[in-house]
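As structure tokens, the structure follows; a few thoughts come after it.
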Amino acid sequence: MANTKSNPLTSANLIKAEIIRQQLYNIAQEMGIVMIRTSGDPVISEAVDFSTFIADKDGEIISFSGYMTMHAGPARQAVRHILATYSQEDIKPGDAFICNDPHTTGACHPPDVGIVKPIFYDGNLVAWCWAEGHLLDVGGMSPGGFAVTATEAYQEALRFPGIKIVSEGKIVQDIFHLLQANFRMPQHDMNNIRCFIAACNICEKRTIDMIDKYGLEEFNKYVELNKELSEKAYRERIAKLPDKTYEATEWIEHNGHENKLWPVHCKLTIQGDNITLDFTGTAPQTDGFVNISEGTAIGCLMTPIMLVLTPDIPFNEGIIRATNMILPEGTVINCKMPAPVSSGHMEAGMRVTKVVTELLSRAMIESEDEWVRSHAMACFHDSWVVGVFAGNDREGKPVVFLDMNGGGAGGGAQTVSDGLDAAASFTQLSNGLPDIEINELTNPILYLWRKLNVNSGGPGKYRGGQGIEFGWIPWGTEGGNELISSACSQVPARGIMGGYPGGTSGHWIVRNANVENLMKTGTLPSFEQLKGEKELQPFKHVTPISQGDVFVQFEGGGGGLGDPLKRNPEVVLKDFNDGYITQEMAETAYGIVIDEKGNLDEERTKTRRELIRRERLGQSAPPKQKLIVKKSLKFVKSAGDALQVSADSNGQRYMCCSDCGTVLSNIEEAWEQGAGRIVTKASETLGNFGMFLKVKDTAPYVKLQELICPECGTMLGATTSVNE
Amino acid sequence: MADSYQIGIDMGGTFTDIVVINQNGEMWTDKADTTPRNLIEGLLNSVENVSGQMGLESTKLLNQCDRFVHGTTIVTNSIAELKGAKVGLLVTKGFRDTLRIARSPRIDNRDHHKQVNMPDLVDRKCILEVEERLDKNGRVVVEINQQQVEKAVEQLVVEQNVEAIAVCLLWSFLNPEHEQQVKQIIETKYPSVYVTISSELYPVMREYERMVTTTLNAFTGPKVVRYVDQVQTELEAKGLKSPVVFIQSFGGSLSAEEVRLAPITLVDSGPVGGVLGSNYLGNTLGIKNMITGDMGGTSFDCSVIVNNNLTKTQRVYLREFLTGLSKIDVTAIGSGGGSIAWLDSRGVPQVGPQSASSDPGPVCYGRGGDQPTVTDANVVLGFIDPEYFLGGRRKLEKERAEEVYYEKLASKLDMSIMDAAASAYQLVVASMSNAVRGVSVERGYDPSEFTFVAYGGALPVFAAEICREIGIRKAIIPSTSAVFSAQGLLAGDDVRNLVRSCFWKPGQDVESVNKILEEMEEQIKASLYASGFKEGEYEIQRYGDFKFEGQIFELPVPIPSGEISKETIEEISNNFAPLYEAEYGPGTAWVHSPVNMLTVRVTGIGHVEKFQPKSFPNNPINAEDVKKGTRKVYLPMEHKLAEIPVYDDREITPGSKFAGPAIIERTQTTIFIPEGVIATMDNYRNYLLEL
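Following this line, the structure appears as structure tokens:
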């Protein structure tokens, strides 16, 4: 048997690098556990709305715990800002800095308060750590921190631009006094800040123990090696994508003041093992609370890179530094003072996440590598639906109730399965929703229902994940004000490979529903059973809510994957029987026929599906460009569910319909040019399936663009667009 | 006087282990194949096997048995494989999707192919809503509609043919009236249907985990009831006079009657025997603080024992299901003898969690395995003698193990085969050490004050290196390391455990607290009396779960016995902050928030007599005299080849000492003693390793 040359140095290097990586990851995880255990705040401990990171002395991320991916950007920016604003002598052992200012420390929005701590070894700065969580209130004009009416960041919150909250081991009481004077729930928030400090302290201790064990030189060497290992694997992954450019646009809808659309445009360019994300063409910043700063934009665009393209590669600075980012200044994705930002991460931020998810997926579909192709996915609904009740309970005690059930939107469909139900926004790994009993115990409300939002999942061969919906009545309060904010109501999350977008989010208030009387007569009403005026709410505003009213929130679904006519009819029938879709949806979007006994009529299903395909052909505009290939073609590889690559005898490759083999374009060109096109009002077409999509009734309008195979009528791509 | 015996049977996926001990501490161990189609067969075979070994009629053995403890994986497997009864579920109107919403199924996995929706434990057609509602004070807001319940039950039983019905209504733990009415309707009309209502099984706040717990109980119930009845009947027919008790995940055993009501308490009881056994061993040897480690084919389980108290954990996950169960806190990671070494996308070696398990098993078994495993690495490195595996009963194919390490790792990493195997060894040590660090250092314990109890066939090769990695200075390799878990079944008491929501805030009176505690105590006493325990043979422990208002985490604090006064509970509440900080760290107490109680727990412990294993006098032997020879071993931590002595366990006597580097070979396991470590055999034939 052959024996290769022994090279223990290399092996020792790799193994040691991996052992050190695991230990650093463990430390970041332990910080997370400390946060969960010591906070005890439901927002942190149950909804897991926090993040922990470790960085090297220059602020380059070396470990990340796996909660809330988008905070990678803010974590990194916070350290950079501190390094830029404090001289080296002023950063001392035992210091800790408080950061929540989107404009300087990159925070997603001011309620996301981060504690950053330098770690010293033998008097030298060797590393940094970050523990961050969402606080219930940080002052400013709006309880809970979502300042719908703000026109400037000055109004939104008390902002901490990375200043010392602990100085050489001693808590700076001045900061606590300041925060006490400005926050609505200072006690609660200060308890949480203490827990972030505790997490940083643990990290400091463990990191020092590690350096004690390995020595500083070794520690630094292996930290660097790990960045290189991740970067190398990432570049190899990029090299598996085609050398091409892809473009897409998403839109922020409504900035709190007016219902306009603000484009977030991105161009993805792959060149060898280089990747560039260029956001030129994105709207200038606006005076509503939907903007994000550069730090947040980096975290948001890193999210799909982590979760779609490199879920198997440890995340660290190696990945960030190998990503070229063009984030034009003064736009909604890299705003400058005084642009308001208090909902920016859910508006501009999640549009960035969605547009990059789509672009990566489109490129991944064309990879030669099967793993890469299979990890293309449809977008998550990717929005966190806000409802904040502010009022007094019966004893006169003030209540600010941010319902963490807002994290119940659906996930995007996968190439192997339907999307995840109640998945939350894409960034929220480990998301958790509250128990009804816990929410009722601590807040003056009584839920009438909480269930899955029927028809919310984007239709597809694999259906988008479903959102949730719930309704409650004031219970033990005279009423109060409800702040409503929904980021994704008119422009839905896209599907992919012929799958449709998911349904969108919103709120109803049913006025004078008189539920208490119904309950006395033995009825616990459903939405359908409610009498009274059902008002579909404007999607960003504050409205009074009184006894006798019912507050209803519904959350959208993820995009579908693949033509819904390809979904196994038995599975469609099961979705119907399980109560996930209506008969209307089963018939119109999926084209199945259910007979009187509730069984599947296979013959008529076949006929109906064929009919739908023919209707599509009848409605569609002809392809922009029709390529006639006379030579016989050979199958090369699949390219997602809808497409395949075939080649002629000269080796020229073509993108073809995977159903009938019809050539759409040369491989070098955009296959969309060769597809038939149906452009309709998105709210109408999806509405006909029985889905909810809020109508945008003033220009610009939201359109659905269905791209079909000009020969067989199979859906190749259903995307949204906007026209005046 | 005739001998009296205690029998412990630990049924695993592959083997059913049996341990018999008599009043003189003489012990017999044996095993039989587990028979998945008809579990009782394997159980009876194991009894036949051991009685054959003892030269005793099995009837006689059973007849003279006064304690019969059974650990079964029937509940664990039923849930792991999602094979259980067809269940109907009744819930409050408006909340039919609670199990599916599952407080969000999102996990921390970055690969969205691994993020999957919750499997349906209950067919969606069999989840029906009941028109009724209570509020947070347990007050009826909407009266229950009896007729509608009757119709729903009929639909479940007659149309859907469910075998079991679970009932979980909102706030029922505060006022069980509605659930009781539903139960009565079912039991009156369909007495053969297995019913579980949440207010009886787990009357605790948080409807999701209450519903999961209730549903899983109904899901596993019918099968377990049949099995428990069968075990009792068949063993009685063979002469057993004592009742069979079952090991539960909370530690200790439970009577058959209790198991029938709450089969779910048997889930995940697999690792319990080893932890109980460790603590018993610790008590015998005067060791108070231990970290237990068990390495099998697919996983490594560890747990921590402080002051001879087992660590418990609440609200545990079963698969992806969050339940309200409490159990012994065991951390499991995917590092076992069968764990596979592979290269990740960066080209960096990894080990596990994928495992070749026992079928096809490691490559060296020659049964079709083609992926390099941890066991293969041990063979390549020279730790395991291919000629002496399981005492020579199986020959291992070292060549093949080397080939696969070359092909899958060494050739790709440009390193020697030995270094590739050493990498796998190091990574396993690292991940097991991380797990041990998780249960010790990360919980504020200093590992140097703990003894590592290492059992399970595969662990003794790694034990000393794990200790070295995290600073543990003593390890024990128990004499029966391979069947240690079965032996441990006999080390536990009979335990009853109840938990119930019970709200109390400072300033409130304590009438309802006393009432609830008394009811729970009565229930526990009745159950212990039914199992034959008398006054003075049991103890009752009571705990209240307290927390700072606004936080979600609770901490169990002992409540003194007898009727409690307002002052007593207020004192507990006032003294809470330091306890909380001791658990969660300095500065974590929300000192300005009131301390409330949410839940009470009552545990009853029925003391049982345990037979002490036999002790052998010291009679140290010279190491040279028991040396089988020397072997070339590639020391994985040092990357160097060394010729080290191999000793035969059978020849070794108590008091003997061995200095590393050395190997002690036992029929079921190999113990590696690295350089600088001394191994001493104690009077019970355990090895004590000192670092």
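Order-wise, the sequence lines are chains A and B. The numbering of the first sequence is the numbering used here, which starts it at 1 and goes up by one. The numbering of the second sequence is the numbering used here, which starts it at 1 and goes up by one. Don't be surprised by glycine CBs; every beta carbon is placed ideally from N, CA and C. In this text, all values refer to a predicted model and were calculated from it rather than measured experimentally.
Residue i - partner residues in DSSP beta bridges
i, result
"B/GLN350", "B/TRP342"
"A/HIS257", "BP columns for A/HIS257 are empty, so no partner."
"B/LEU688", "B/ILE476 and B/THR680"
"B/PHE321", "B/LEU318"
"B/LEU555", "B/PHE546"
"B/TYR715", "There is simply no residue 715 of chain B to check, as chain B begins at 1 and stops at 691 in what is shown."
"A/PHE120", "A/LEU125"
"B/TYR405", "None, per the DSSP bridge assignment."
"B/ILE7", "B/VAL20 and B/PHE68"
"B/ALA332", "B/ASP301"
For residue i, three-class secondary structure by DSSP
i, result
"A/ASN7", "With a pLDDT of 38 at A/ASN7, under the threshold of 50, the modelled position of that residue is not reliable, and no figure is offered here."
"B/PRO636", "coil"
"B/LEU170", "coil"
"B/TYR529", "helix"
"B/LEU266", "helix"
"A/TYR67", "coil"
"A/TYR590", "coil"
"B/ILE564", "coil"
"B/GLN582", "The sequence shown places Ala at residue 582 of chain B, rather than the Gln named in the question. The answer is helix: DSSP assigns B/ALA582 an H, G or I state."
"B/ILE663", "strand"
"B/MET432", "helix"
Contact list for residue i against chain E, beta-carbon separation under 8 Å
i, result
"B/SER104", "Within the model displayed, chain E is absent; protein chains A and B are what it includes."
Residue i and residue j closer than 8 Å at C-beta
i, j, result
"B/GLY334", "B/GLY456", "no"
"B/LYS708", "B/VAL153", "The question about residue 708 of chain B has no answer, for chain B in this structure spans 1 to 691."
"A/ASN392", "A/ALA339", "no"
"A/GLY560", "A/ARG463", "yes"
"B/ARG106", "A/LEU402", "no"
"B/PRO478", "B/ILE21", "no"
"B/PHE616", "B/ASN683", "yes"
"B/VAL483", "B/ASP3", "no"
"B/TYR227", "B/ALA85", "no"
"A/PRO434", "A/GLU684", "no"
"A/MET185", "A/ASP112", "no"
Interface positions of the segment 618-648 of chain B facing chain A (Cβ-Cβ less than 7 Å), listed along the chain
HIS639
Chain-ordered residues of the segment 195-206 of chain A with a beta carbon less than 7 Å from chain B:
Here the close residues are CYS195 and ALA198.
At a CB distance below 8 Å, what residues from the segment 18-31 of chain A approach chain B? Give them in sequence order.
Contact residues of the segment 18-31 of chain A toward chain B are GLU18, ILE19, GLN22, GLN23, ASN26 and GLU30 (C-beta to C-beta distance below 8 Å).
Between the segment 36-67 of chain A and chain B, which residues of the former have CB atoms less than 8 Å from a CB of the latter, in chain order?
ARG37, THR38, SER39, GLY40, ASP41, PRO42, SER45, GLU46, GLY66 and TYR67
Counting only runs of 3+ residues fully inside the segment 180-253 of chain B, write out the beta strand (DSSP E) ranges in chain order.
194-197 and 244-247
Residues in the segment 436-457 of chain B having any Cβ partner in chain A nearer than 8 Å:
ARG437, GLY438 and GLU442
Counting only Cβ-Cβ distances shorter than 7 Å, please list the residues of the segment 297-315 of chain A near chain B, keeping chain order.
MET306, LEU307, PRO311, ASP312 and ILE313
May I have a chain-ordered list of the beta strand (DSSP E) segments no shorter than 3 residues that lie completely inside the segment 519-547 of chain A?
For the segment 519-547 of chain A, whole beta strand (DSSP E) runs of length 3 or above, ordered along the chain, are 533-536 and 540-546.
Closer than 9 Å between beta carbons: that is the criterion. Which residues of the segment 79-99 of chain B meet it against chain A?
Within the segment 79-99 of chain B, the residues whose Cβ lies closer than 9 Å to some Cβ of chain A are THR92, LYS93, GLY94, PHE95, ARG96, ASP97 and THR98, listed in chain order.
For the segment 344-355 of chain B, which residues have a beta carbon sitting closer than 7 Å to at least one beta carbon of chain A?
ASP344, SER345, ARG346, VAL348 and PRO349
Check each residue of the segment 205-235 of chain A: if its Cβ is closer than 8 Å to any Cβ of chain B, include it; give the result in chain order.
LEU229, SER230, LYS232 and ALA233
Run through the segment 255-313 of chain B for me and flag every whole beta strand (DSSP E) of 3 or more residues, listed as ranges in chain order.
290-295 and 300-306
Identify every run of the alpha helix (DSSP H) within the segment 364-402 of chain A, keeping only runs that are complete inside it and at least 4 residues long; order them along the chain.
With a minimum length of 4 residues, the continuous alpha helix (DSSP H) runs that stay inside the segment 364-402 of chain A are 370-374.
Can you check the segment 589-661 of chain A for any beta strand (DSSP E) of at least 3 residues that lies completely inside it and give the ranges in chain order?
Listed in chain order, the complete beta strand (DSSP E) runs (minimum 3 residues) inside the segment 589-661 of chain A are 634-639, 643-647 and 653-657.
Along the segment 167-181 of chain B, where does the CB come closer than 8 Å to a CB of chain A? Name the residues.
LEU170 and TRP171
Scan the segment 199-257 of chain A and note each continuous alpha helix (DSSP H) run of 4 residues or more that stays entirely inside, going in chain order.
Within the segment 199-257 of chain A, the complete alpha helix (DSSP H) segments of 4 residues or longer fall at 216-239, listed in chain order.
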